[in-house]
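Okay, structure first, notes after.
Next comes the structure, spelled out in structure tokens:
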């Protein structure tokens, strides 16, 4: 008997998501149903596909061969569904996404809600978090990331570049003076944004076309950008943050831009999805919608 195509697709998702329970949740099934369908697939093929332990799933040789083919089946099926959906004016389906807190609060929450209103058949579950999620293992359809993309299993679509700024409140500068060169920061209280890949205290600067870092010190650190902004506004120190976070404050004079020609940190903002998963029409349209919203306020960055 030829295995059912939907069992092949379910098998590929079990492996992509890394567990029976996550695949069950993604398909609205129980764990026992998923387990029975994988067992049925193994029985029909006459081969064990997965070695199960309490901690992980490991593919057998037969499982690895089938997984590669099953992924192709799943992608072809999705492309077929998307092609048919293209004949309709409406989009259907659910999107699970993760976005960084600054962009999420600045524009993405409103932009995604607007996208859902434009396409009533779409539902979106959007998490705002400052960790680099595992796109495939955690079952995300789309992720917005700020920073350097090193995972070759992911595809990144560039939105724009985000420049960083060093800033302080006028009241702080009146008490402690304005730094004229980066090295002056060694004598200032530098508020530390501890959500970074590494080196939160190592601030980047440019000199003669080259980038270098300077290790600063301060009495307050946080992984929350909004909290850091409030501390800077209250005059407790200098902050090194994405310009978009404090753009209205700089324009209103509540914060002062410092060392503008020396700040060396620029990070790209990207839409990211798995390399082995052809983006559906709804994902493509959402990416373009978000790109347009970023472009609308590119002066913030």
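Residue numbers (my numbering): 5 to 305. A virtual CB, placed ideally from N, CA and C, is assigned to each residue, including glycine.
Item: contact_flag[the segment 261 to 270, the segment 202 to 211] where n(CB pairs < 8 angstroms) is 3 or more; Value: yes
Item: Unbroken beta strand (DSSP E) run spanning residue 144, endpoints; Value: First-last for residue 144: undefined, no H or E at that position.
Item: Contained beta strand (DSSP E) runs [length at least 3] in the segment 147 to 212, N- to C-terminal order; Value: 158 to 172, 194 to 197, 206 to 211
Item: Assigned exposure category for residue 145 - 16 Cβ within 10 Å defines buried; Value: buried
Item: Inter-stretch contact at 8 angstroms, needing at least 3 Cβ pairs: the segment 285 to 299 / the segment 172 to 180; Value: no
Item: Same chain, Cβ closer than 6 angstroms to residue 299, five either side skipped, listed in chain order; Value: none
Item: Inter-residue spacing [alpha-carbon to alpha-carbon] between residue 255 and residue 197; Value: 22 angstroms
Item: Residues bridged to residue 214 (per DSSP); Value: 211
Item: Close Cβ partners of residue 232 (< 7 angstroms) along its chain, the five nearest in sequence each way excluded; Value: 195, 197, 226, 243, 245
Item: DSSP state of residue 229 mapped onto helix, strand, coil; Value: helix
Item: Distance, residue 289 Cα to residue 128 Cα; Value: 13 angstroms
Item: Check whether residue 76 and residue 15 have beta carbons under 8 angstroms apart; Value: no
Item: Close beta carbons around residue 247, own chain, < 8 angstroms, minus the five adjacent residues each side; Value: 166, 167, 168, 169, 254, 304, 305
Item: Segment limits, alpha helix (DSSP H) that includes residue 247; Value: 247 to 256
Item: Contact the segment 17 to 30 vs the segment 51 to 70: 3+ CB pairs below 8 angstroms; Value: yes
Item: Burial state of residue 25 (16 or more Cβ within 10 Å); Value: exposed
Item: First and last residue of the uninterrupted beta strand (DSSP E) at residue 275; Value: 270 to 278
Item: Under 8 angstroms between C-beta atoms of residue 148 and residue 137; Value: no
Item: Beta carbon of residue 103 nearer than 8 angstroms to that of residue 132; Value: yes
Item: C-alpha distance - residue 150 paired with residue 44, whole-angstrom precision; Value: 43 angstroms
Item: Distance CB(residue 273)-CB(residue 164) smaller than 8 angstroms; Value: yes
Item: Closest Cα partner of residue 8 within the set 46, 29, 33, 27; Value: 46
Item: Where residue 238 falls: helix, strand or coil (DSSP); Value: coil
Item: Complete alpha helix (DSSP H) runs within the segment 61 to 135 (minimum length 4 residues, chain order); Value: 65 to 89, 113 to 122
Item: Buried versus exposed, by CB contacts within 10 Å (16 or more), residue 54; Value: buried
Item: Unbroken stretches of the alpha helix (DSSP H), 4 residues or longer, contained in the segment 278 to 304; Value: 285 to 300
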